[in-house]
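The sequence shown lines up with residues 0 to 167 when you count with numbering that gives the first Met the number 0.
In this text, a Cβ means the ideal position worked out from N, Cα and C, and glycines have one as well.
Report on one structure; see the data block that follows.
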Amino acid sequence: MTDPRLLLQHKQYEEAMQYFHEQKFLKAKQTFEKVVGGPGRELADRAQIYLANCERRMSRTADAAPRSVEEHYHHGVAMMNLGRWEESRLALDRARKLSPKADFIYYALAALDSLTGEAESAMTNLKLAIELHPENRYHARNDEDFAYLLEDPRFTELLYPEREGPSS
0 MTDPRLLLQH KQYEEAMQYF HEQKFLKAKQ TFEKVVGGPG RELADRAQIY LANCERRMSR
60 TADAAPRSVE EHYHHGVAMM NLGRWEESRL ALDRARKLSP KADFIYYALA ALDSLTGEAE
120 SAMTNLKLAI ELHPENRYHA RNDEDFAYLL EDPRFTELLY PEREGPSS
């Protein structure tokens, strides 16, 4: 595998699989499309199967009318991954109203706020998500959806309280 085009195709396939497993189907689809056009036939064939799966999953999320907390949440996350911010916010707000103590909903709202440049709201929602389930702190440290907040000192304080030393 010394051909640089094959190496690139393999790297793109791994990236697409990561997006797929994170249920970021639009990003996965776009990346699998690059793999399909690559020189390695076996990898292109595998990517073609996942590409069809992405399209199926994206259409399923667009057609289904959510009813439960989980369905509203999953719909909100799917819309967020597609860049459909308003639809995502509506679905996540509905989920929050149905289950106001669900940490994962606040976490998703924080991610959405970060992706849309709403730092104040992102910090408020992330703080709530961490208060409800402290493990969210560790997830947020590696979540690319919070890239917008990386330079915000409040974000660092929230995610790395041990750096601040004992509080008074």
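A contact is defined here as three or more CB-CB pairs under 8 angstroms, and the stretch 90 to 100 meets this definition with respect to the stretch 69 to 77.
Cβ atoms of residue 39 and residue 5 come within 8 angstroms of each other, at about 5 angstroms.
Rounded to the nearest whole angstrom, the C-alpha separation of residue 58 and residue 22 is 13 angstroms. DSSP, read as helix, strand or coil, puts residue 126 in helix. A Cβ-Cβ contact shorter than 8 angstroms links residue 9 with residue 42.
Listed in chain order, the non-local C-beta contacts of residue 84 below 6 angstroms within the same chain comprise 115, local neighbours out to five positions each way being set aside. Residues of the same chain with a CB within less than 7 angstroms of the CB of residue 104, apart from the 5 flanking positions on each side, are 72, 91, 94, 95, 98 in chain order. In this structure, residue 111 sits away from residue 25, with a CB-CB distance that is not shorter than 8 angstroms. Excluding residues up to 5 positions away in sequence, 11, 14, 15, 18 lie with their Cβ nearer than 7 angstroms to the Cβ of residue 30 in the same chain. A straight-line Cα-Cα distance of about 36 angstroms links residue 150 and residue 46.
Taking the CA atoms as reference points, residue 152 sits about 11 angstroms from residue 160. Between residue 48 and residue 68, the alpha-carbon positions lie close to 31 angstroms from each other. Membership of residue 148 in any alpha helix (DSSP H) is not indicated, and neither H nor E is assigned to it by DSSP.
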